[in-house]
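Asks:
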Amino acid sequence: MTVLFEGRVFVFEFKVVEQEPEGRALEQILARRYADKYLDLGRPIHLIGIEFSRKERNLCAFEVRSLAPPAGEAAPPAS
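In our numbering, the protein residues as written are 26 to 104.
What follows is the structure, given as structure tokens:
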């Protein structure tokens, strides 16, 4: 899921894991290059991997990585 909000891009990946957090949600965003199509916007991009435990039925892991806009490009004002 991708959200463009206030001049920023948020790319989310949600995973359900059996027991322990596996760190695969953020890994999938990076491996499949989900953010690449937003790089030309020149906006900050935030990659957010969220894992839910099937057993606990609750959030068990949350990872964030932020990408800055390319050098020399300022993020455009929010519209």
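Backbone N, C-alpha and C fix where the C-beta goes; we use that ideal spot for every residue, glycine too. This structure is a prediction, so every number in the text was calculated from the model and none was measured.
Measure the CB-CB distance between Ala50 and Glu31 and report whether it falls below 8 Å.
Replies: Residue 50 sits at position 25 when you count from the first residue of the sequence shown. Residue 31 sits at position 6 when you count from the first residue of the sequence shown. Against a cut-off of 8 Å, the Cβ pair of Glu31 and Ala50 comes out as no contact.
Asks: Residue range of the beta strand (DSSP E) that Leu64 falls in?
Replies: Taking the sequence shown and counting its residues from 1, the one referred to as residue 64 is at position 39. Element bounds for Leu64: n/a, residue is neither H nor E.
Asks: Below 8 Å on the Cβ atoms is my guess for Val36 versus Ile54; work out the distance and round it to an integer in Å.
Replies: Here the question's residue 36 lines up with position 11 in the sequence shown. Here the question's residue 54 lines up with position 29 in the sequence shown. Confirmed, about 6 Å.
Asks: Would you decide whether Leu84 is buried or exposed? Buried here means 16 or more other CB atoms lie within 10 Å of its CB.
Replies: As a working note, residue 84 is residue 59 in the sequence shown. Classification for Leu84: exposed.
Asks: Alpha carbon to alpha carbon, how far is Arg82 from Glu88?
Replies: The residue given as residue 82 occupies position 57 in the sequence shown. The residue given as residue 88 occupies position 63 in the sequence shown. If you take the alpha carbons of Arg82 and Glu88, they lie about 18 Å apart.
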